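J.: Position one of the sequence shown corresponds to residue 1 (full-length UniProt numbering), numbered consecutively onward.
Please see the structure below; I have some questions.
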Amino acid sequence: MLGSNRGNNYSRKVSAIFVIAVILDMICLTLVAAVAYPEIKAKTDNNPECKLPFSKPKIQWKCNCGKFLEDAYVELVPGAAESLKSALQNELPAAAPAHGDRDLESQAESSSSRTRRLGFNLLARWISPYTKGSQSETEGTKVHPPRGGITGNTGTYPAEPLFLLVCIEKPNGSLGLIQIDVAGIHSDQLLFACLRQHYLSIRGRWLPYLKFRRLEYINFVQFELWPSGEVDLQPYYDRRMLPPDARADEYLFDPPTTIPPIAPSRLMHLWKSPEHPDGDGRTCIGRFLKRRRERLYVSAGEKPATGWGIHLVEGLDWVLIWMLIFVVVLIGSLVFSVAFAVLEHDIQSAFAISSYVVSFVTLGIGACSICGQKIVNRHCK
1 MLGSNRGNNY SRKVSAIFVI AVILDMICLT LVAAVAYPEI KAKTDNNPEC
51 KLPFSKPKIQ WKCNCGKFLE DAYVELVPGA AESLKSALQN ELPAAAPAHG
101 DRDLESQAES SSSRTRRLGF NLLARWISPY TKGSQSETEG TKVHPPRGGI
151 TGNTGTYPAE PLFLLVCIEK PNGSLGLIQI DVAGIHSDQL LFACLRQHYL
201 SIRGRWLPYL KFRRLEYINF VQFELWPSGE VDLQPYYDRR MLPPDARADE
251 YLFDPPTTIP PIAPSRLMHL WKSPEHPDGD GRTCIGRFLK RRRERLYVSA
301 GEKPATGWGI HLVEGLDWVL IWMLIFVVVL IGSLVFSVAF AVLEHDIQSA
351 FAISSYVVSF VTLGIGACSI CGQKIVNRHC K
């Protein structure tokens, strides 16, 4: 009789632990879903493909690396999407540099050194708090570039300075503006190497991983620059993402034939693999809006200045988050199994509960990922 009572107590104890494990798993997945939904909604809101008209034509081509890419465009000129597809498909593979990636990095470093030096006040303001209306703040936003440009491939100076206006999130969550000198950049390969170098100089190489964030999109945007250095994006996903005819002479770019000029899939592929395009390819740099003569600035007390450029859209790195959750659950289940087996002298029950927990979390992660992707696809159709 005593043994029977012990067996019943043991069974109830195991059942209670099993129920607690299930409840904790449900709470964990519920919290993850609560965090994921706003992020998925923001992802669909920031994705320009979700904002384009329903009749947008899609083009698909194969990169020289072997990856198939697909983007959606609105044609401003009939047949422009097919022409762009031909230009992308006919790009030559990148020639191997004589000294590997070191040549590319050195060119990007020479191109970005002046921009980092001249934009020091702006970047310093991102790191340390500023006093509104102070003299240093006004000087930081009112930056005038020196005459001339960096040395190009031919050893001569470009006729005028050119600046790529890039909107990027500050550490406090607001948007700021960096203005990259691209006067000496004549290829997509060097352009994206320079963009990556500026991004890493601001974010650091490991900080995005520690914050579980990554770059998701690169969008063409219209924005307003305030005297404080902060930026307000204008939610335009039509012709207004490009400067009007009255202000077109302020920027250097190829006449647009599609909206957007280059879609996010292509831009992100070059961002992740800048060595893929031909060294002389200009498919992207020709379509990027480059401000002429001087940087965009606004003095204290004046109205915000309107500008056009690109936006580096960041979001949570869900792959890294899912991996971390799985590793934590796996290690926790292993510790629980060992502790339960030692204390209760029942290895079979210990690892049965742990196996269930790991399987449940794995299936839950897969279900959340599939549901999130379906939500994004449904909003973009």
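Glycine included, every Cβ here is placed at the ideal spot set by N, Cα and C.
Source: prediction; values computed, not measured.
Helix, strand or coil: how does DSSP classify Y199 here?
T.: For this step, residue 199 is matched to residue 199 along the sequence shown. Y199 falls in the helix class under three-state DSSP.
J.: Where does H269 sit, in a helix, a strand or coil, going by DSSP?
T.: As a first step, residue 269 must be located in the sequence shown, where it is residue number 269. Helix.
J.: For I180 and I202, which I take to be in contact (beta-carbon distance under 8 angstroms), what is that distance rounded to the nearest angstrom?
T.: Position 180 of the sequence shown holds residue 180. Position 202 of the sequence shown holds residue 202. Wrong, their Cβ atoms sit about 11 angstroms apart, outside the cutoff.
J.: On the DSSP bridge assignment, give the partners of W308 in chain order.
T.: Numbered from 1 along the sequence shown, position 308 holds the residue referred to as residue 308. According to DSSP, which records beta bridges pairwise, W308 is partnered with Q222.
J.: Taking the DSSP output, what are the residues bridged to K62?
T.: Locating residue 62 in the sequence shown gives position 62, counting from the first residue. BP columns for K62 point to F68.
J.: Using 8 angstroms for Cβ pairs, my map puts V231 next to L175. What's the rounded Cβ distance?
T.: On the sequence shown, position 231 is the one that residue 231 refers to. On the sequence shown, position 175 is the one that residue 175 refers to. Correct: roughly 4 angstroms between the Cβ atoms.
J.: Counting Cβ pairs, one atom from each stretch, are 3 or more of them under 8 angstroms apart for the stretch 66–86 and the stretch 251–260?
T.: Enough Cβ pairs lie closer than 8 angstroms, so yes.
J.: Within its chain, find whatever has a CB closer than 7 angstroms to the CB of residue 384; leave out the 5 residues flanking it on each side and keep chain order.
T.: Residue numbering for the chain in the displayed model covers 1 to 381; residue 384 lies beyond these limits and cannot be assessed.
J.: With a cut-off of 8 angstroms, do at least 3 Cβ pairs link the stretch 316–336 to the stretch 247–255?
T.: Cβ pair count under 8 angstroms is below three, so no.
J.: Assign P79 to buried or exposed, taking buried as 16 or more other Cβ atoms, counted over all protein chains shown, within 10 Å of its Cβ.
T.: Looking up residue 79 in the sequence shown gives position 79. The question names Pro, but residue 79 in the sequence shown is Gly. The residue is exposed, with fewer than 16 neighbouring Cβ atoms inside 10 Å.
J.: Could you tell me if V361 is buried or exposed, where buried requires 16 or more neighbouring beta carbons within 10 angstroms of its beta carbon?
T.: Translated into positions along the sequence shown, residue 361 becomes position 361. Buried: at least 16 other Cβ atoms inside 10 Å.
J.: Compute the Euclidean distance between the alpha carbons of I59 and Q222, then round it to the nearest angstrom.
T.: Start at 1 with the first residue of the sequence shown, and residue 59 comes out as number 59. Start at 1 with the first residue of the sequence shown, and residue 222 comes out as number 222. In a straight line, the C-alpha of I59 is about 25 angstroms away from that of Q222.
J.: In this structure, does DSSP put V361 in helix, strand or coil?
T.: On the sequence shown, position 361 is the one that residue 361 refers to. It is helical.
J.: Tell me whether I332 sits in a helix, a strand or coil according to DSSP, three-state version.
T.: On the sequence shown, position 332 is the one that residue 332 refers to. The question names Ile, but residue 332 in the sequence shown is Gly. Note: G332 maps to helix in three-state DSSP.
J.: I want to know whether the stretch 182–193 touches the stretch 234–250 - three or more CB-CB distances under 8 angstroms.
T.: Touching, no.
J.: Out of M268, D249 and L233, state which residue places its alpha-carbon closest to the alpha-carbon of L191.
T.: Position 191 of the sequence shown, counted from the start, is the residue given in the question as residue 191. The shortest C-alpha separation from L191 is found at M268.
J.: Quick one: which unbroken beta strand (DSSP E) runs of 3-plus residues sit fully inside the stretch 228–268? Chain order, please.
T.: Within the stretch 228–268, the complete beta strand (DSSP E) runs of at least 3 residues are 231–234.
J.: Looking only at its own chain, which residues have a Cβ that is under 8 angstroms from the Cβ of A87, when we skip the five neighbours before and after it?
T.: Walking along the sequence shown from the start, residue 87 turns up at place 87. Correct list, in chain order: T283.
J.: If distances are taken between C-alpha atoms only, which option among W61, S355 and S273 comes closest to L330?
T.: Start at 1 with the first residue of the sequence shown, and residue 330 comes out as number 330. Closest by alpha carbon: S355.
J.: Please state whether the Cβ-Cβ distance between I162 and R287 is less than 8 angstroms.
T.: Residue mapping note: residue 162 aligns to position 162 of the sequence shown, counting from 1. Residue mapping note: residue 287 aligns to position 287 of the sequence shown, counting from 1. Looking at the sequence shown, residue 162 is not Ile but Leu. Result no, Cβ atoms of L162 and R287 do not sit closer than 8 angstroms.
J.: In or out: R247 buried (at least 16 other Cβ within 10 Å) or exposed?
T.: As a first step, residue 247 must be located in the sequence shown, where it is residue number 247. With fewer than 16 other Cβ atoms within 10 Å, it is exposed.
J.: Closest to N64 by C-alpha separation, out of K85, S83, E216 and Q89, would be which residue?
T.: By 1-based counting over the sequence shown, the position of residue 64 is 64. N64 has its Cα closest to that of Q89, out of K85, S83, E216 and Q89.
J.: Looking at the unbroken alpha helix (DSSP H) that takes in E160, where does it start and where does it end?
T.: The residue given as residue 160 occupies position 160 in the sequence shown. Counting along the chain, E160 falls outside any alpha helix (DSSP H), and DSSP gives it neither H nor E.
J.: In terms of residue numbering, what span does the alpha helix (DSSP H) encompassing L84 cover?
T.: For the purposes of this step, residue 84 is taken as the residue at position 84 of the sequence shown. That run of the alpha helix (DSSP H) goes A80 to Q89.
J.: In the DSSP assignment, the beta strand (DSSP E) including I178 goes from what residue to what residue?
T.: Taking the sequence shown and counting its residues from 1, the one referred to as residue 178 is at position 178. Taken as a continuous stretch (DSSP letters only), the beta strand (DSSP E) holding I178 covers L175 to D181.
J.: Hey, out of E216, E250, L84 and E82, whose CA is closest to E294's CA?
T.: Here residue 294 corresponds to residue number 294 of the sequence shown, with the count starting at 1. Among E216, E250, L84 and E82, the Cα nearest to that of E294 is on E250.
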